[in-house]
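Undergrad:
2 protein chains.
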Amino acid sequence: MTMQSREIQLKRRPVGAPVAEDFATVEQAVPPPGPGEVQVRNLWMAVDPAMRGRMSDAKSYVPPFALDTAMEGPAIGEVIVSNDPAFAPGDLVFSRLGWRQAFNAPGTALQHRDRQALPPQAYLCFAGMTGLTAYAGLIRIAELQPGDTVFVSAASGAVGSIACQIARNMGCKVIGSAGGPDKTAFLHDVLKVDAAIDYKAEPNLTKALAREVKAIGASGIDVYFDNVGGDHLQAALSLANDFARFAICGMISQYNVTDAPTVPRNLTMLMTKRIRMQGYIALDHMDLEAEMLERMTAWNQAGQMASAETVYDGIDKALDAFWGLFSGANIGRTMVRLG
Amino acid sequence: MTMQSREIQLKRRPVGAPVAEDFATVEQAVPPPGPGEVQVRNLWMAVDPAMRGRMSDAKSYVPPFALDTAMEGPAIGEVIVSNDPAFAPGDLVFSRLGWRQAFNAPGTALQHRDRQALPPQAYLCFAGMTGLTAYAGLIRIAELQPGDTVFVSAASGAVGSIACQIARNMGCKVIGSAGGPDKTAFLHDVLKVDAAIDYKAEPNLTKALAREVKAIGASGIDVYFDNVGGDHLQAALSLANDFARFAICGMISQYNVTDAPTVPRNLTMLMTKRIRMQGYIALDHMDLEAEMLERMTAWNQAGQMASAETVYDGIDKALDAFWGLFSGANIGRTMVRLG
Numbered sequence: 001m002t003m004q005s006r007e008i009q010l011k012r013r014p015v016g017a018p019v020a021e022d023f024a025t026v027e028q029a030v031p032p033p034g035p036g037e038v039q040v041r042n043l044w045m046a047v048d049p050a051m052r053g054r055m056s057d058a059k060s061y062v063p064p065f066a067l068d069t070a071m072e073g074p075a076i077g078e079v080i081v082s083n084d085p086a087f088a089p090g091d092l093v094f095s096r097l098g099w100r101q102a103f104n105a106p107g108t109a110l111q112h113r114d115r116q117a118l119p120p121q122a123y124l125c126f127a128g129m130t131g132l133t134a135y136a137g138l139i140r141i142a143e144l145q146p147g148d149t150v151f152v153s154a155a156s157g158a159v160g161s162i163a164c165q166i167a168r169n170m171g172c173k174v175i176g177s178a179g180g181p182d183k184t185a186f187l188h189d190v191l192k193v194d195a196a197i198d199y200k201a202e203p204n205l206t207k208a209l210a211r212e213v214k215a216i217g218a219s220g221i222d223v224y225f226d227n228v229g230g231d232h233l234q235a236a237l238s239l240a241n242d243f244a245r246f247a248i249c250g251m252i253s254q255y256n257v258t259d260a261p262t263v264p265r266n267l268t269m270l271m272t273k274r275i276r277m278q279g280y281i282a283l284d285h286m287d288l289e290a291e292m293l294e295r296m297t298a299w300n301q302a303g304q305m306a307s308a309e310t311v312y313d314g315i316d317k318a319l320d321a322f323w324g325l326f327s328g329a330n331i332g333r334t335m336v337r338l339g
Numbered sequence: 001m002t003m004q005s006r007e008i009q010l011k012r013r014p015v016g017a018p019v020a021e022d023f024a025t026v027e028q029a030v031p032p033p034g035p036g037e038v039q040v041r042n043l044w045m046a047v048d049p050a051m052r053g054r055m056s057d058a059k060s061y062v063p064p065f066a067l068d069t070a071m072e073g074p075a076i077g078e079v080i081v082s083n084d085p086a087f088a089p090g091d092l093v094f095s096r097l098g099w100r101q102a103f104n105a106p107g108t109a110l111q112h113r114d115r116q117a118l119p120p121q122a123y124l125c126f127a128g129m130t131g132l133t134a135y136a137g138l139i140r141i142a143e144l145q146p147g148d149t150v151f152v153s154a155a156s157g158a159v160g161s162i163a164c165q166i167a168r169n170m171g172c173k174v175i176g177s178a179g180g181p182d183k184t185a186f187l188h189d190v191l192k193v194d195a196a197i198d199y200k201a202e203p204n205l206t207k208a209l210a211r212e213v214k215a216i217g218a219s220g221i222d223v224y225f226d227n228v229g230g231d232h233l234q235a236a237l238s239l240a241n242d243f244a245r246f247a248i249c250g251m252i253s254q255y256n257v258t259d260a261p262t263v264p265r266n267l268t269m270l271m272t273k274r275i276r277m278q279g280y281i282a283l284d285h286m287d288l289e290a291e292m293l294e295r296m297t298a299w300n301q302a303g304q305m306a307s308a309e310t311v312y313d314g315i316d317k318a319l320d321a322f323w324g325l326f327s328g329a330n331i332g333r334t335m336v337r338l339g
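Going down the list, the protein sequences come from chains A and B. Just so you know, we're using the UniProt record's numbering here: the first sequence kicks off at 1 and counts up by one. Just so you know, we're using the UniProt record's numbering here: the second sequence kicks off at 1 and counts up by one.
1. Name the chain A residues that come within less than 8 angstroms of Gln-254(B), Cβ to Cβ?
2. What whole-angstrom Cβ distance do Arg-47(B) and Asn-83(B) have, given they're in contact under 8 angstroms?
3. With burial defined as no fewer than 16 other Cβ atoms inside 10 Å of the residue's Cβ, what is the status of His-112(B): buried or exposed?
4. Tell me, please, whether the CB atom of Gln-111(B) is closer than 9 angstroms to any CB atom in chain A?
5. Do you know offhand how far Val-62(A)'s Cα is from Arg-54(A)'s?
6. Assuming Ala-158(B) and Thr-130(B) form a contact by the criterion Cβ under 8 angstroms, report the distance between their Cβ atoms to the nearest whole angstrom.
7. Starting from Val-93(A) and walking both ways along the beta strand (DSSP E), at which residues does that stretch end?
8. If you draw a straight line from the alpha carbon of Ile-141(A) to that of Gln-9(B), how long is it in whole angstroms?
9. Along the chain, where does the beta strand (DSSP E) containing Arg-54(B) start, and where does it finish?
10. Interface residues of chain B around Arg-52(A) at Cβ under 7 angstroms?
11. Pro-63(A) CB to nearest chain B CB: under 9 angstroms?
12. From the DSSP secondary-structure annotation, give me the bridge partner or partners of Thr-184(A).
13. Considering only the beta carbon of each residue, do Glu-78(B) and Arg-96(B) sit closer than 9 angstroms?
14. Strictly below 9 angstroms CB to CB, what residues from chain B border Met-251(A)?
15. List, in order along the chain, the chain A residues whose C-beta lies closer than 7 angstroms to that of Gln-145(B)?
16. Counting Cβ pairs, one atom from each stretch, are 3 or more of them under 8 angstroms apart for the stretch 143–156 of chain B and the stretch 222–235 of chain B?
17. Based on the DSSP secondary-structure assignment, which residues constitute the bridge partners of Pro-106(B)?
18. Identify whether Glu-7(A) lies in helix, strand or coil by the three-state DSSP scheme.
19. Which of the residues in the stretch 221–233 of chain B, read from start to end, lie with their CB under 7 angstroms from any CB of chain A?
20. Could you tell me which of Gln-145(A), Ala-134(A), Ala-136(A) and Gly-220(A) sits nearest to Ile-175(A), measuring between CA atoms?
21. Reducing DSSP to helix, strand and coil, say where Gln-116(A) ends up.
22. Ala-29(B): which of Leu-288(B), Pro-49(B) and Arg-6(B) sits nearest, CA to CA?
23. Any beta-carbon of chain B closer than 9 angstroms to the one on Tyr-135(A)?
24. I need the straight-line Cα distance from Ala-208(A) to Ala-195(A), nearest angstrom please.
25. What is the DSSP secondary structure of Asp-194(A), reduced to helix, strand or coil?
26. Could you list which residues in chain A have their beta carbon closer than 8 angstroms to that of Arg-274(B), in chain order?
27. Using 8 angstroms as the Cβ pair cut-off and three pairs as the minimum, do the stretch 232–243 of chain A and the stretch 234–241 of chain B touch?
28. I'd like to check one pair, Asn-169(A) with Gln-304(A): are the Cβ atoms closer than 9 angstroms?
29. Measuring CA to CA, which of Val-336(A), Ile-331(A), Trp-299(A) and Arg-41(A) is closest to Gly-179(A)?
30. Within the 9 angstroms Cβ cut-off, does Ile-248(A) reach chain B?
31. What is the C-beta distance between Cys-172(A) and Gly-147(A), in whole angstroms, given that I count them as a contact (C-beta under 8 angstroms)?
32. What did DSSP end up calling Ile-166(B) once you bin it into helix, strand or coil?
33. I'd like the span of the beta strand (DSSP E) that includes Asn-227(A), first residue to last.
34. Nearest to Val-311(B) by alpha carbon, out of Val-336(B), Glu-289(B) and Leu-293(B)?
35. I want to know whether the stretch 293–308 of chain B touches the stretch 108–128 of chain B - three or more CB-CB distances under 8 angstroms.
36. In chain order, what residues of the same chain lie with their CB nearer than 6 angstroms to the CB of Ala-86(B), ignoring the 5 residues before and after it?
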């Protein structure tokens with residue numbers, strides 16, 4: 001069958017913050033799939049800040065988006081028609097072909113996902129690369145142990161909200177930091193952290209972290225899951241226990257710093273406290289994916305993995321979802337419901 | 001037999017830089033040893049910058065030196081008389097009872113050293129804690145592999161000079177940084193590094209490191225052995241290969257920084273390059289001592305472990321040796337020949 005698909009194309013490369021005129025919504029016909037192809041209707045897509053990088057043509061480890069073409073991004077869909085024996089109508093599939101309602105693609109561009117185990121959008125969130133990022137950082141990089149005290153920055157974000165829950169489910173004490181009372185309420189009420197810091201309300205983050213460490217009866221932090229860098233990293237170094245492990249997942253506070261950074265001032269604590277600090281990217285840890293999926297599924301079925309999503313409805317809201325990433329308003333993973 | 005021993009006592013706690021009046025040289029009689037005691041004549045002692053800390057009574061993980069008493073420090077001596085069956089006259093022993101020519105102590109304060117395997121002073125240098133510091137940092141913390149490109153800061157110092165040689169002996173390419181032409185000549189001529197940087201002559205250390213990396217045909221550095229921090233750490237981050245390992249042994253550039261540090265500016269490279277950076281202190285790695293001694297002895301016997309020492313003669317020069325640590329003039333381990 002021929003399907004109609006609305007898609008979001010990049011029309012020109014944004015200078016500074018992207019504006020609506022950089023994009024166009026285009027209606028495409030998706031004909032019956034060719035030999036070896038599969039026709040897919042997308043159910044969900046996700047947006048993330050890294051997409052901004054691909055809108056430019058700067059050199060990076062992922063190629064830039066092509067102009068006058070639908071952008072790419074993680075999507076979960078269902079098979080409508082299949083000319084590949086590995087896929088059947090109704091199958092749930094993951095692809096990188098988001099920003100559109102439907103598409104044809106060779107079977108090699110698709111991966112099966114278990115429809116029974118989890119709701120479809122979970123595969124873009126805690127059971128997707130976002131989940132793997134949190135899981136690999138805590139389990140492999142930081143070697144998380146039950147009983148550890150864990151500090152998570154950007155704790156209400158896509159990765160941070162999962163990191164908080166993994167740590168809590170592993171029997172750790174969790175302190176999360178986020179900006180504003182809505183987000184700290186989310187940390188308490190949904191993620192069930194032991195303590196939450198509203199960093200925007202704290203004149204001195206190190207003192208705030210010291211206060212919360214004391215409040216939960218801990219001696220310091222054993223693991224820091226860093227999305228922020230800067231003053232959060234400085235506070236984590238200050239409150240670290242000996243032999244603490246820091247997983248450096250992001251340093252969002254530093255990306256636009258053009259002057260010399262003024263923090264952290266206390267890197268020498270790496271040595272006095274014998275701290276290990278390690279940067280990583282999830283793509284290097286795909287071998288953990290099956291284990292991660294298994295544990296996430298079990299936690300979800302036990303009611304221990306809350307959905308942490310901000311959902312926009314329909315392809316016409318996909319750019320709004322993307323803008324929302326930068327407004328600071330979104331909580332958890334930012335997703336668009338397409339089907 | 002009763003021996004005469006000159007010893008250096010701390011008379012008052014220095015304010016700022018220690019001065020001669022803070023110390024006294026005192027002649028003591030060392031009587032025949034009591035029951036269970038051993039009488040030892042020191043052959044060598046070593047001095048290190050950490051002794052400055054123990055002259056103050058600030059809280060630390062080692063207690064301050066007592067006033068009106070001989071200071072302490074690593075020493076190697078020979079047994080003169082023994083009332084402990086574990087020791088016999090002529091035995092070579094290590095103790096923490098430096099800053100004196102002779103002493104009586106219970107056998108528990110002494111450790112045997114093999115007189116045949118190495119010259120006595122080696123046990124204060126590459127076959128002592130200094131050697132273990134370099135060895136543990138490279139082998140365990142940085143997981144050094146043959147073929148790695150290794151950058152060592154303060155490479156002409158006590159620990160750095162041994163780190164350079166371990167790395168070279170392990171089949172690595174070594175770039176050392178030190179201050180001044182005498183020290184870089186030492187790196188080339190004695191330590192046989194592949195490249196040496198005189199950081200005092202370089203307006204931009206990152207550019208200098210990039211130049212030397214290229215000159216030795218490397219793509220970047222795999223291991224950084226950090227004694228310095230600051231701009232050296234920044235240069236190492238800039239030139240690091242993916243998955244580089246940084247052993248943080250010291251950050252001497254940062255100890256007296258009271259303003260916010262301006263370097264490193266590029267900590268985000270931890271993430272993009274997946275760098276692991278780990279602080280450590282040698283005392284946590286005493287389990288490596290036997291292995292370290294065995295390899296150091298083999299390298300020494302093969303002519304592959306050059307002595308890197310600045311030697312002062314006699315107990316009356318011990319304070320000069322200590323001042324020399326802070327003048328920047330000393331190369332390698334600073335030792336005092338006592339016997």
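Every residue, glycine too, gets a C-beta built ideally from N, C-alpha and C.
TA: Taking the structure as given:
1. Contact of Gln-254(B) with chain A by beta-carbon distance below 8 angstroms involves Leu-267 and Thr-268.
2. Inspection of the sequence shows that residue 47(B) is occupied by Val rather than by Arg. So it is not a contact: roughly 30 angstroms between Cβ atoms.
3. The residue is exposed, with fewer than 16 neighbouring Cβ atoms inside 10 Å.
4. With 9 angstroms as the cut-off, Gln-111(B) does not count as an interface residue toward chain A.
5. Roughly 7 angstroms between the two C-alpha positions.
6. At roughly 5 angstroms, the Cβ-Cβ gap stays under 8 angstroms, so Ala-158(B) and Thr-130(B) are in contact.
7. Here the beta strand (DSSP E) through Val-93(A) covers 92–95.
8. If you take the alpha carbons of Ile-141(A) and Gln-9(B), they lie about 48 angstroms apart.
9. Element bounds for Arg-54(B): not the beta strand (DSSP E) but the alpha helix (DSSP H), 50–55.
10. Chain B residues near Arg-52(A): none, gap ~16 angstroms exceeds 7 angstroms.
11. Not one chain B Cβ lies under 9 angstroms of Pro-63(A).
12. According to DSSP, residue pairing for Thr-184(A) in a beta bridge does not occur.
13. Between Glu-78(B) and Arg-96(B), the CB-CB gap reaches or exceeds 9 angstroms.
14. Under the 9 angstroms cutoff, chain B gives Leu-267, Thr-268, Leu-270 and Met-271.
15. By Cβ distance, chain A contributes nothing, its closest Cβ being about 17 angstroms from Gln-145(B), past 7 angstroms.
16. Short answer: they touch.
17. Answer by DSSP bridge pairing, in chain order: Glu-37(B).
18. In the structure shown, Glu-7(A) sits in a strand (DSSP, three-state: E or B).
19. Flagged, chain order: Gly-229.
20. Of the candidates Gln-145(A), Ala-134(A), Ala-136(A) and Gly-220(A), the one whose C-alpha sits nearest the C-alpha of Ile-175(A) is Gly-220(A).
21. Under the three-state reduction of DSSP output, Gln-116(A) falls in the coil class, being neither helix nor strand.
22. Of the listed residues, the one whose Cα sits closest to Ala-29(B) is Arg-6(B).
23. No Cβ of chain B is located within less than 9 angstroms of the beta carbon of Tyr-135(A).
24. Linking Ala-208(A) to Ala-195(A) through their CA atoms gives a straight-line distance of about 11 angstroms.
25. In the three-state reduction of the DSSP assignment, Asp-194(A) falls in the coil class, being assigned neither a helical nor a strand state.
26. Result: Gln-278, Gly-279, Tyr-280, Ile-281 and Asp-284.
27. The stretch 232–243 of chain A makes no contact with the stretch 234–241 of chain B, as fewer than three CB pairs between them are under 8 angstroms.
28. Contact annotation: Gln-304(A) and Asn-169(A) have beta-carbon atoms nearer than 9 angstroms.
29. Ile-331(A) is the residue among Val-336(A), Ile-331(A), Trp-299(A) and Arg-41(A) whose C-alpha sits nearest the C-alpha of Gly-179(A).
30. Using a Cβ-Cβ cut-off of 9 angstroms, Ile-248(A) counts as an interface residue toward chain B, since at least one Cβ of chain B sits closer than that to its own.
31. Contact between Cys-172(A) and Gly-147(A) holds: CB atoms are separated by about 7 angstroms, below the 8 angstroms threshold.
32. Secondary structure at Ile-166(B): helix, using DSSP grouped into helix, strand and coil.
33. DSSP places Asn-227(A) in no beta strand (DSSP E); its state is neither H nor E.
34. Comparing Cα-Cα distances from Val-311(B) to each of Val-336(B), Glu-289(B) and Leu-293(B), the minimum goes to Val-336(B).
35. Contact between the stretch 293–308 of chain B and the stretch 108–128 of chain B is present, because at least three Cβ pairs lie under 8 angstroms.
36. The residues are Gly-107.
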